[in-house]
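Participant: In order, the protein sequences belong to chains B and P. Residue numbers for the first sequence follow my numbering, so the first one is 429 and each next one is one higher. Residue numbers for the second sequence follow my numbering, so the first one is 429 and each next one is one higher. All C-beta atoms in this analysis are idealised placements derived from N, C-alpha and C, irrespective of residue type, glycine included. Please read through the structure below; I'll follow up with questions.
2 protein chains.
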Amino acid sequence: MITLRDITEARKRIAPVLNDTPVHTSRTLDERVGVPVYLKCENFQRVGAFKVRGAYNALAQLGPDERKRGVLTYSSGNHAQAIALAGRLLDIETTIVMPHDAPDSKRRATEGYGARVVPFDPRQTTREEVARPIAEETGAVLVPPFDHEHVIAGQGTVALEIREQAPLAVELMTPCGGGGLLGGCALAWKETYDAPGATPSRAARPVVVGVEPALADDARRSFETGVIHTIRNPPTIADGTRTPFLGDLTFPLIQKHVDAIVTVSEQSIADAVRFLFERMKLVVEPSGALGVAALLSGAHEPAGPIAVVLSGGNVDPATFASILDGTIRFRDSEYQPPVPRV
Amino acid sequence: MITLRDITEARKRIAPVLNDTPVHTSRTLDERVGVPVYLKCENFQRVGAFKVRGAYNALAQLGPDERKRGVLTYSSGNHAQAIALAGRLLDIETTIVMPHDAPDSKRRATEGYGARVVPFDPRQTTREEVARPIAEETGAVLVPPFDHEHVIAGQGTVALEIREQAPLAVELMTPCGGGGLLGGCALAWKETYDAPGATPSRAARPVVVGVEPALADDARRSFETGVIHTIRNPPTIADGTRTPFLGDLTFPLIQKHVDAIVTVSEQSIADAVRFLFERMKLVVEPSGALGVAALLSGAHEPAGPIAVVLSGGNVDPATFASILDGTIRFRDSEYQPPVPRV
Chain B
429 MITLRDITEA RKRIAPVLND TPVHTSRTLD ERVGVPVYLK CENFQRVGAF
479 KVRGAYNALA QLGPDERKRG VLTYSSGNHA QAIALAGRLL DIETTIVMPH
529 DAPDSKRRAT EGYGARVVPF DPRQTTREEV ARPIAEETGA VLVPPFDHEH
579 VIAGQGTVAL EIREQAPLAV ELMTPCGGGG LLGGCALAWK ETYDAPGATP
629 SRAARPVVVG VEPALADDAR RSFETGVIHT IRNPPTIADG TRTPFLGDLT
679 FPLIQKHVDA IVTVSEQSIA DAVRFLFERM KLVVEPSGAL GVAALLSGAH
729 EPAGPIAVVL SGGNVDPATF ASILDGTIRF RDSEYQPPVP RV
Chain P
429 MITLRDITEA RKRIAPVLND TPVHTSRTLD ERVGVPVYLK CENFQRVGAF
479 KVRGAYNALA QLGPDERKRG VLTYSSGNHA QAIALAGRLL DIETTIVMPH
529 DAPDSKRRAT EGYGARVVPF DPRQTTREEV ARPIAEETGA VLVPPFDHEH
579 VIAGQGTVAL EIREQAPLAV ELMTPCGGGG LLGGCALAWK ETYDAPGATP
629 SRAARPVVVG VEPALADDAR RSFETGVIHT IRNPPTIADG TRTPFLGDLT
679 FPLIQKHVDA IVTVSEQSIA DAVRFLFERM KLVVEPSGAL GVAALLSGAH
729 EPAGPIAVVL SGGNVDPATF ASILDGTIRF RDSEYQPPVP RV
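This is the structure in structure tokens:
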């Protein structure tokens, strides 16, 4: 069972090598939302996303034998680059199983950090089927994208930093894919709330809210029904939240510490990306803009000062351009509701 | 004659209301350039550009009578918004003479800060002809975009902040339009170099470099010949540097304190904007990316750690999209060399 201590230990572990990312604010945003909004800029984290916190925290705790055998994971997104960089920093060989049609930029970035990329065709096989023989042959340690205690503890360090950077914040909102960021941060947020030195405003009850795209609303459905729901390859532009379901470790954390999960439309996600570009000069990927989308669209109306995690900035130039010039196509008509996981 | 004291006084004046902008760094950039590079993020300044430093410093020093008469200026760019915001903060009425075909977003932003915008057709009249009767009627004080001591002193505060944020930097590079930023920063950089508390690395000689687009190379020509040259409406994408000539105040400052002015191609400016987007998650306007363009293209090869001013982030979404997706058209064939000002 993950505890606050795991997260504070993780923070000590990552502090020497990762970025203590800044918090940005905007008078315009505060006025529109009606309360102070603190944006935690994980787009300025190494590899351009919070994911490296969890990856580094996990790899740094491997024993000498495990390090020798190397690390294996599957991801087409930020977790791939995160594992690759963590491996390079710790001198551990890494192998990433990645769909063969993943964006070229992601593959090259991952290889650029020194990882071996093993492509596979998702129509012909699964990532697990590709990963298994590699694991058996090399003995490599599997470090999954979110359902892993050390990964979750690493992601929770985001909330610890916000506590110091925005001591007046009462609420915390993060995007939710597999729930590593939301679960880790929710635990940290709730359990540091009455910490010594807490400001008087903290008399208010702390609130944690998760956000996901309406097109990928498995987490909300799971949260509301108490049963993990699953969704296959949801057609949202927020590619970081296309994970099929919450994890066996992240779901109970979310059930215990999260107050609500809200959803936002594709259009509101694009609007938020554009707002962050125009008004704040920040490059944020669609998944990273979910919290701002929830505030600007009214999907969540905070009762007090709120911190929002901008989870990453890795968006390819063509997609970003299509959001800015309005040519991006939304695929709302392809929505498939989530179903209970069997 | 402007002195370091004017700049330190300006800093005290602006500190309570403007942003002390951050410095960002990138391992990739350091490796490519071969020395540490410190990027001063004026895209995160209020109104999205350094211009508000000079505007506020000028308006804050107006006497009660002048404040009552209001302030007048001409600009289609960041100076317009800067004067408008400074006016709002100081409760001074502002009027901006602006070409009627200025981007709608700029006009709305300027009006949003409470300024009155007076459009004119540059094919039929000049901004001076439009401004003169307004000044005569209202008695409004003209605060020009760069050739004004208080404006120059305000822009120089950028260099003072960098001194503290990047104490190891030996060189400083800024974009050059009318020379307010370059001149003010050059003076501050040179005259604080041997300040008490300077680090040992400062035994090296300080260097200041200006950058402008090759398509708008009037400053370089002026600098090299000792005679102010002029260029009319140069066809560069770096619209902040389309000013026709250096000023009577900025030119001598630049002659005295600047070591070199280098130029960069349109393609290298676009490449720099894209680099800042992809690798650093920063929204920077083309003029603001000139320094990074000079470093990545080799137009300037620094001998030691260098600070580079990212002067602003106000670029309209369509232009930014066209840079990202490569559809932007460069107008190199329309280049007209600068001629001596008569």
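Within its chain, find whatever has a CB closer than 8 Å to the CB of residue 624 of chain P; leave out the 5 residues flanking it on each side and keep chain order.
Facilitator: Interpretation of residue 624 of chain P is limited by its pLDDT of 49, a score under 50 that renders its predicted location unreliable; no figure is taken from the coordinates.
Participant: Can you give me the start and stop residues for the alpha helix (DSSP H) that residue 708 of chain B sits inside?
Facilitator: That run of the alpha helix (DSSP H) goes 694-708.
Participant: At least one CB of chain P closer than 8 Å to the CB of residue 624 of chain B: is that the case?
Facilitator: With a pLDDT of only 49 at residue 624 of chain B, under the threshold of 50, the placement of this residue in the model should not be trusted, and no figure is reported.
Participant: Could you pull the DSSP bridge partners for residue 638 of chain P from this structure?
Facilitator: According to DSSP, which records beta bridges pairwise, residue 638 of chain P is partnered with P:602, P:689.
Participant: Which residues, in order along the segment 727-758 of chain B, keep a beta-carbon less than 7 Å from a beta-carbon of chain P?
Facilitator: Taking 7 Å as the Cβ-Cβ cut-off against chain P, the residues of the segment 727-758 of chain B that qualify are 741, 745, 746, 748, 749, 752, 753.
Participant: Tell whether a beta-carbon distance below 8 Å holds between residue 697 of chain B and residue 714 of chain B.
Facilitator: Yes.
Participant: At 4 residues or longer, what runs of the alpha helix (DSSP H) sit wholly inside the segment 450-474 of chain B?
Facilitator: Complete alpha helix (DSSP H) runs here, min 4: 455-461.
Participant: Can you pull the chain P residues whose beta carbon is under 7 Å from the beta carbon of residue 393 of chain B, in chain order?
Facilitator: There is no way to answer for residue 393 of chain B, as the model of chain B reaches only from 429 to 770.
Participant: Against chain B, does residue 450 of chain P count as a neighbour if the rule is that its beta carbon must be under 8 Å from one of theirs?
Facilitator: Cβ-Cβ to chain B under 8 Å: yes for residue 450 of chain P.
Participant: Kindly list the residues whose CB is nearer than 7 Å to the CB of residue 474 of chain B, restricted to its own chain and excluding five residues on each side of it in sequence; keep chain order.
Facilitator: Only 446, 447, 480, 513 meet the Cβ criterion.
Participant: Between residue 615 of chain P and residue 728 of chain P, how many whole angstroms is the CB-CB distance? I'm expecting something under 8 Å.
Facilitator: Not a contact, Cβ separation roughly 20 Å.
Participant: If we ignore side chains and look at the alpha-carbon of each, how far apart do residue 583 of chain P and residue 548 of chain P end up?
Facilitator: Their backbone Cα atoms lie some 28 Å apart in a straight line.
Participant: Relative to the C-alpha of residue 744 of chain P, which residue among P:537, P:647, P:762 is closest?
Facilitator: When each option's Cα is compared against that of residue 744 of chain P, the closest is P:537.
Participant: Mapping the DSSP letters down to three states, classify residue 547 of chain B as helix, strand or coil.
Facilitator: Looking at residue 547 of chain B - three-state DSSP - the assignment turns out to be strand.
Participant: Give me, in chain order, the residues of the same chain whose beta-carbon lies closer than 6 Å to that of residue 656 of chain P; leave out the 5 immediate sequence neighbours on both sides.
Facilitator: The answer, listed in chain order, is 650, 673, 674, 679, 769.
Participant: Taking buried to mean at least 16 other C-beta atoms within 10 Å of its own C-beta, is residue 440 of chain B buried or exposed?
Facilitator: Counting Cβ neighbours within 10 Å, residue 440 of chain B comes out exposed, since fewer than 16 surround it.
Participant: Using 8 Å as the threshold, is the C-beta distance between residue 569 of chain B and residue 485 of chain B below it?
Facilitator: Cβ distance not < 8 Å, so residue 569 of chain B and residue 485 of chain B don't count as in contact.
Participant: Going by other Cβ atoms of all chains shown within 10 Å of its Cβ, with 16 needed for buried, is residue 443 of chain B buried or exposed?
Facilitator: Answer is exposed; the Cβ neighbour count stays below 16.
Participant: Helix, strand or coil for residue 578 of chain B, going by three-state DSSP, please let me know.
Facilitator: Residue state, collapsed to three classes: helix.
Participant: Taking Cβ-Cβ distances shorter than 8 Å, what residues in chain B pair up with residue 705 of chain P?
Facilitator: Chain B residues near residue 705 of chain P: 711, 745, 748.
Participant: Let's see if you can read the secondary structure: which residues bound the alpha helix (DSSP H) around residue 436 of chain P?
Facilitator: Run containing residue 436 of chain P: 432-442, per the alpha helix (DSSP H) assignment.
Participant: Can you pull the chain B residues whose beta carbon is under 8 Å from the beta carbon of residue 771 of chain P, in chain order?
Facilitator: Since the first residue shown for chain P is 429 and the last is 770, residue 771 of chain P is missing from the structure and cannot be characterised.
Participant: Counting only beta-carbon separations shorter than 8 Å, does residue 476 of chain P have a partner in chain B?
Facilitator: Taking Cβ atoms only, chain B reaches closer than 8 Å to residue 476 of chain P, which makes this a yes.
Participant: Between residue 560 of chain B and residue 491 of chain B, what straight-line distance do the alpha-carbon atoms span, to the nearest angstrom?
Facilitator: Their backbone Cα atoms lie some 21 Å apart in a straight line.
Participant: Are the C-beta atoms of residue 445 of chain B and some chain P residue less than 8 Å apart?
Facilitator: No, its Cβ sits nowhere closer than 8 Å to a Cβ of chain P.
Participant: Round the Cβ separation of residue 571 of chain P and residue 483 of chain P to the nearest angstrom and send it over; I've been treating them as touching at under 8 Å.
Facilitator: Their Cβ separation, rounded to whole angstroms, is 7 Å, which keeps residue 571 of chain P and residue 483 of chain P in contact under 8 Å.
Participant: With contact counted as at least three CB pairs below 8 Å, one residue from each stretch, are the segment 750-764 of chain P and the segment 654-668 of chain P in contact?
Facilitator: At 8 Å Cβ cutoff, the stretches touch.
Participant: Three or more C-beta pairs closer than 8 Å, one from the segment 517-530 of chain B and one from the segment 593-603 of chain B: is that the case here?
Facilitator: In short, these stretches do not touch, since the Cβ pair count stays below three.
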